[in-house]
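Heads up: the structure comes next, in structure tokens.
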Amino acid sequence: MKYVAYYRVSTTMQGKSGLGLEAQRAAVRQLAHGQEIIAEFTEVESGKRDDRPELEKALDVAKQRNAVLVIAKLDRLSRDVHFISGLLKRNVPIKACDMPHADNFQFHIMAAVAEKEREMISHRTKVAIAAKRAGGSEWGTNAARVEEASTFAEGIQRHIQTLIDSGIDSPAAIAAAFARRQSR
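Just so you know, we're using my numbering here: the sequence shown kicks off at 343 and counts up by one.
And the structure:
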């Protein structure tokens, strides 16, 4: 199997420092496990943007060379269901290192969860900023809250993958499993 790797970080500082990129590269190398990585593309761009020239190049090379586009995590592509759906329709096989056995259906589910988490993070951030400002405090980046949200999202993703691995793979069954978990 041949792979085309795509890495993305959100900020120029992350791009310059390599923060996040090395972890993504390590995950891709581990998944490839000696298989050929024929090309690597790196983008320093917000996941909110749909115009990603390096992703386009990666998809083109993967299609031309009959290779699999490999990413460390689905959120490196996007947290937007519509964007992920559009990529999946391009008929380029995609593999995420954190969900190596996921199919397109599972990618759709995880993209929906990631999109919802993005909305929840945004809402919590707005509420927190309003509360801080109402109390007279200045508001800046809150790394702890961002880390907490990321940890939460990763926990949800792991739980869904566990459900899928155990044979619970319909949206209704996954929702029911979450409802049971919530009621405990």
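C-beta: ideal position from N, C-alpha, C; glycine also. Everything numeric in this text was worked out from a predicted model, so none of it was measured.
- Counting only the Cα atoms, G478 lies some 41 Å from A414.
- For V434, the three-state secondary structure derived from DSSP is coil.
- One alpha carbon belongs to F447, the other to T504, and they sit about 15 Å apart.
- Annotation: the region 354-401 contains the following complete segments of the alpha helix (DSSP H) (minimum length 4 residues), in chain order: 354-359 and 363-374.
- With a threshold of 16 other beta carbon atoms within 10 Å, Q406 falls short and is exposed.
- In this structure, E382 keeps its C-beta atom at 9 Å or more from the C-beta atom of A409.
- In this structure, R350 lies near E387, with their beta-carbon atoms less than 9 Å apart.
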